[in-house]
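The sequence shown begins at 1 in full-length UniProt numbering and counts up one residue at a time. Virtual Cβ for every residue (Gly too), placed ideally from N, Cα, C. Here the structure is laid out as structure tokens; the discussion comes afterwards.
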Amino acid sequence: MSNRVGRAQRATSESQISVVIDLDGAGRSDISTGLPFFDHMLTAFATHGSFDLTVQAEGDVEVDAHHTVEDTAIVLGTALREAVGDKAGIRRFGSQLLPMDEALVEAVADFSGRAYFVMNGEPEHLQWQTIGGHYATVINRHFFETLATHAAVTLHLNVRYGRDPHHITEAEFKAVARALRGAVEIDPRQTGIPSTKGAL
Numbered sequence: 001m002s003n004r005v006g007r008a009q010r011a012t013s014e015s016q017i018s019v020v021i022d023l024d025g026a027g028r029s030d031i032s033t034g035l036p037f038f039d040h041m042l043t044a045f046a047t048h049g050s051f052d053l054t055v056q057a058e059g060d061v062e063v064d065a066h067h068t069v070e071d072t073a074i075v076l077g078t079a080l081r082e083a084v085g086d087k088a089g090i091r092r093f094g095s096q097l098l099p100m101d102e103a104l105v106e107a108v109a110d111f112s113g114r115a116y117f118v119m120n121g122e123p124e125h126l127q128w129q130t131i132g133g134h135y136a137t138v139i140n141r142h143f144f145e146t147l148a149t150h151a152a153v154t155l156h157l158n159v160r161y162g163r164d165p166h167h168i169t170e171a172e173f174k175a176v177a178r179a180l181r182g183a184v185e186i187d188p189r190q191t192g193i194p195s196t197k198g199a200l
């Protein structure tokens, strides 16, 4: 493991979550949330971000996926923020335009220290679709907004077009992972913190 490792935990009456992320990993993952499709998305996130990622989550999935997905975003964002540290030497900005069959998604990230989230373009039918009988795609927006908030990242996520809920959702996770990967990458020309203020 590198020195850019973040660890975070959260325990409530609704879920118990632990996350370890290594920004300089090789895309290895150990994911268990009790939600198979969400496991698949987090595995894709690790693979395409080239992050080594461990997520262990136990939640009230018999009630709904919402608590587990939201709380995982909180803990993942917190771990990501810890891993990036003072941001010295990073590129800071990252972007990715990513296709998955008929879907095309764009993600743009800035490790500004200012949490902000903008999302556009998800088709209306994603407000009531469910994947695998347990993952309601209406949670996509909330997952990424919560992740951005707790990672202190400005994140723009635009669904250019698409139809299949699985393809759109997977393209979102992969595009965000690739954008974050680019943003946290070490820039050999950047010796300090990439800001005119001297701090992020």
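- Item | Touch test, the region 49-69 against the region 12-24, Cβ-Cβ under 8 angstroms, three pairs minimum | yes
- Which whole-angstrom value is the C-beta distance of G34 and V61, which I expect to be below 8 angstroms? 5 angstroms
- Query: Beta-carbon separation of R114 and G6 under 8 angstroms?
  - Reply: no
- Task: Spell out whether any CB of chain C is found under 8 angstroms from the CB atom of H48.
- Result: Looking for chain C here will not work: only one protein chain is present.
- Message: Can you find the residues in the same chain that come closer than 7 angstroms, C-beta to C-beta, to P36, ignoring five residues on each side of it along the sequence?
- Response: G132
- In angstroms, rounded to a whole number, what distance separates the CA positions of E106 and R4? 26 angstroms
- Task: Taking only runs that begin and end inside the region 1-46, name each unbroken beta strand (DSSP E) of 3 or more residues, in chain order.
- Result: 5-11, 15-22 and 29-32
- Query: Taking the C-alpha atoms as reference points, what is the distance between residue 214 and H134?
  - Reply: The structure shown does not extend to residue 214, since the chain spans only 1 to 200, so no value can be given for it.
- Have a look at the DSSP bridge pairing and note the partners of H156. V108 and V118
- Which listed residue (Q96, V55, K174 and N158) has its alpha carbon closest to that of T78: V55
- Query: From what residue to what residue does the beta strand (DSSP E) around D52 run?
  - Reply: D52 to G59
- Task: List the endpoints of the continuous beta strand (DSSP E) containing G77.
- Result: Looking at the DSSP string, G77 is not in any beta strand (DSSP E); the run it does join, the alpha helix (DSSP H), is H66 to V84.
- Determine the DSSP secondary structure at Q190, reduced to helix, strand or coil. coil
- Message: Please report the straight-line C-alpha distance between I168 and G85, rounded to a whole angstrom.
- Response: 31 angstroms
- Task: Please report the residue range of the beta strand (DSSP E) in which P123 lies.
- Result: No beta strand (DSSP E) contains P123, which DSSP labels as neither H nor E.
- Separation of T196 from G59, as counted between CA atoms: 43 angstroms
- Message: Checking the sheet assignment: what are the DSSP bridge partners for G94?
- Response: A109
- Should F45 and A177 be called a contact, given that it needs their Cβ atoms to be closer than 8 angstroms? yes
- Query: What are the boundary residues of the alpha helix (DSSP H) that E62 is part of?
  - Reply: Per DSSP, E62 belongs to no alpha helix (DSSP H) and is neither H nor E.
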